[in-house]
Amino acid sequence: MRFTSLVIELIRARARLVVWTAALAQAVLWLLVGLIFYRGPPPDLALALAYGREYQVGTELGPPLAFWLGDIAYRAAGNHMIGVYLLAVLCSVATFVALYRLSRALVGGQHAVIAVLLTMTVIAFGPHTLEFGPAVLARPLWALLLLHTWQLVGQGRRNVWFAWSIDAGLLLLTSSAAIILLPLVAIFAVANQKGRNMLRSFDTLFAVVVVIALALPYLVWLIRAERVTLNWGLHWPAVADLSAHAVAWGRLLAGLLLALVGIAILVVLNSRAFAHKEQDAPILFRPPVERLARQFVYSFAIVPPLLASLLAALFGLDRVLGGAGVALMMSGLAVVVASGDLIPLRQQRVLRSVWAAIVAAPAAAVIAGTLVLPWTAAGEVATTLPARPIAAFFTDSFARRTNHRLAAVAGDTELASLIALGPGRPHLFIDQYPQRTPWMSFAKFNEVGGVVVWRASDTAGTPPPDLARRFPNLVPEVPRSFNRLVNGRQGVLRIGWSIVRPKGE
């Protein structure tokens, strides 16, 4: 007896509805995880918001757009992380919707749904969903840039030049990976006749002018800061170190392949080897994919991860340049294109259950880690730190002791970043590396006053020796203890602190 599920019928009749439902469901899942299980922001997010609070044209973290938007979302939500989390999941939804539009233009609506659903299983689109920053914001911009590139090169739609230029300019303001992604787009356009014909129009010059106008402030900052390189402080490796960098490249490539394990599982389960012989599987049809479309998909599915991982290995980065989500954006679509014009969906119930389990697994892992890891004493989970109570205590204590608003915070960077999210949004000062926070210096910190914090190792709150050397006049206060979401075997969080009074006092 032939069985066709409601999902299959929806894919055939209402493909867009399936994509929106799946994307919104994943967004709601991660939003609930953040609201219920996160007492503090994910790693690096508090630091990113501290940088965004300064509205610098450029910083050592890279282009400024993601940091600005993060700060705007945080302030719009009344200094609550819900604003940033909502912005992050909206970026995720926008990514999948743009990818669906691109896939529909290349392989038709039915196969486009399969491409999006496969892409959602890529691990890169799971655990880091709430960690809003350049890597998260670059995903929808890259998806839109690919969509508009295909509309220009493959469909000859000159009316999207302006949208393409906006995508490219915003991508330059978001991620350092734009300086390798945009040349890849240009190379693909030049490599085929349709693209060369499109580039001969006057609209190309207009688009370039718009891109330069959008990115000009940041480009000027790069030139003034003498940082016209791939990223800050990065240098080409010595020949003697190439073998070590080759090993690092292998590790990064292995990580990217591991992120695709969800797609591999679904493809294997849908193969003939796991199907019942008597089963009459429903088939999803598409019109034949033209040669240029295949070249487009394979080019941007293969080259970006190889190049981004290679450059990251050469420059000693521990992550793929631009983020794994950008590098693997076209992976699901590439599998669909390679699968042929007819895709039978065997064992529909099994595929549906396994897909849901793969998409939900990262969230389940985050929840399990939050509740279980503290009992193993394997390491601190950053999201269990009580960010709001920590920030409220130190801002209030400084105001009561000095009758001034807390203007700056220094010491342990992780703790100081949390306090920088508190009332009044004090400036973050990274005293170990003052050049990383150019808006603050030791002289200015001593003038405006602030709080210096560290992780106390004793009940007296003795500061670490290196911190005491940088701040020789510290007078430690009684350490303050805070409960994590789950203390487990780690005990309470004990924070040592000292007040540096403003010079006016």
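Counting with our numbering, you get residues 511 to 1015 for the letters of the sequence shown. Positions of the beta carbon are idealized from the N, C-alpha and C atoms, including for glycine.
Contact under 8 Å by Cβ, Leu855 with Leu816
With contacts defined as CB atoms closer than 8 Å, Leu855 and Leu816 fail to qualify as a contacting pair.
Find out if the Cβ-Cβ distance for the pair Val846, His621 is shorter than 8 Å.
Yes.
Within 10 Å of its beta-carbon, does Ile778 have 16 or more other beta-carbons around it, so buried, or fewer, so exposed?
The amino acid occupying residue 778 in the given sequence is Val; Ile does not appear at that position. Val778 is classed as exposed because its beta carbon has fewer than 16 other beta carbons within 10 Å across all chains shown.
Alpha-carbon spacing of Ala645 relative to Glu800, whole angstroms:
Cα to Cα, Ala645 sits roughly 32 Å from Glu800.
Whose C-alpha, out of Ala970, Arg782 and Gly772, is nearest the C-alpha of Thr629?
Of the listed residues, the one whose Cα sits closest to Thr629 is Gly772.
CB Pro896 to CB Gly550, shorter than 8 Å?
Contact flag set, yes.
Close beta carbons around Leu683, own chain, < 8 Å, minus the five adjacent residues each side
Shown here for Leu683: same chain residues with a beta carbon closer than 8 Å to its own, the five before and five after excluded, namely Pro573, Pro574, Leu575, Leu724, Ala725 and Tyr728 in chain order.
Count Cβ pairs between the region 825–837 and the region 548–562 that sit closer than 8 Å; are there 3 or more?
Output reads no: the region 548–562 does not touch the region 825–837.
Which same chain residues, not among the five before or five after Ser711, have their C-beta less than 7 Å away from its C-beta?
Cβ within range, chain order: Arg668.
Rounded to whole angstroms, what is the Cα-Cα separation between Ala754 and Arg946?
Ala754 and Arg946: Cα-Cα distance of roughly 28 Å.
Report all residues from its chain with a CB closer than 6 Å to the CB of Ser685; omit the five preceding and five following residues, and keep chain order.
Cβ-Cβ distances below 6 Å link Ser685 to Pro644, Ala648 and Gly832 in the same chain, with the five nearest sequence neighbours on each side left out; the list follows chain order.
Any chance you could list the alpha helix (DSSP H) runs of at least 4 consecutive residues sitting entirely within the region 924–981, in chain order?
Whole alpha helix (DSSP H) segments, 4+ residues: 952–958 and 975–980.
Would Pro884 pass as a contact of Arg994 if the rule is Cβ separation under 8 Å?
Yes, the Cβ-Cβ distance between Pro884 and Arg994 is below 8 Å.
Minimum C-alpha distance to Leu559 - residue among Ala533, Thr886, Trp540 and His590
Cα-wise, what sits closest to Leu559 is His590.
Between the CA atoms of Leu881 and Phe635 - distance to the nearest angstrom:
Whole-angstrom Cα-Cα distance: 22 Å.
Span of the beta strand (DSSP E), counted from its first residue to its last, around Arg1004:
Unbroken beta strand (DSSP E) run through Arg1004: Leu1003 to Val1010.
Opposite Ala918 in the DSSP bridges: which residues?
Beta-bridge partners of Ala918 (DSSP): His937.
Around the C-beta of Pro650, are 16 or more other C-beta atoms found within 10 angstroms, so that it is buried, or is it exposed?
Of the residues assessed, Pro650 falls on the buried side of the cut-off, its CB having 16 or more other CB atoms within 10 angstroms.
Residue closest to Val891, alpha-carbon to alpha-carbon, out of Thr659, Val757, Ile868 and Tyr548:
Answer by Cα proximity: Tyr548.
Buried or exposed by the 16-neighbour rule on C-beta atoms within 10 Å, applied to Tyr943:
Residue environment for Tyr943: exposed (fewer than 16 other C-beta atoms within 10 angstroms of its C-beta).
Are the beta-carbon atoms belonging to Gly1088 and Ala917 less than 8 Å from one another?
For the chain, the structure presents residues 511 to 1015; residue 1088 sits outside this window and is missing.
One question on the structure: do Ala930 and Arg563 come within less than 8 Å of each other, judged by their Cβ atoms?
Cβ distance < 8 Å, so Ala930 and Arg563 count as in contact.
If you check the beta carbons only, do Ile1005 and Pro792 fall under 8 Å apart?
No, they are not a contact pair.
Return yes when the C-beta of Ile676 is under 7 Å from any heavy atom of the ligand MN, and no when it is not.
Looking at this structure, you won't find the ligand MN or any other ligand, since it has none at all.
Please determine, among Leu545, Thr659 and Val721, the residue with the shortest C-alpha to C-alpha distance to Met708.
If we check each option's Cα against that of Met708, Thr659 comes out closest.
Would Val599 be called buried (16 or more neighbouring beta carbons within 10 Å of its own) or exposed?
Answer is buried; the Cβ neighbour count reaches 16.
Any C-beta of chain C sitting closer than 8 Å to the C-beta of Gln536?
Protein chain content of the structure displayed is limited to a single chain, and chain C is not contained in it.
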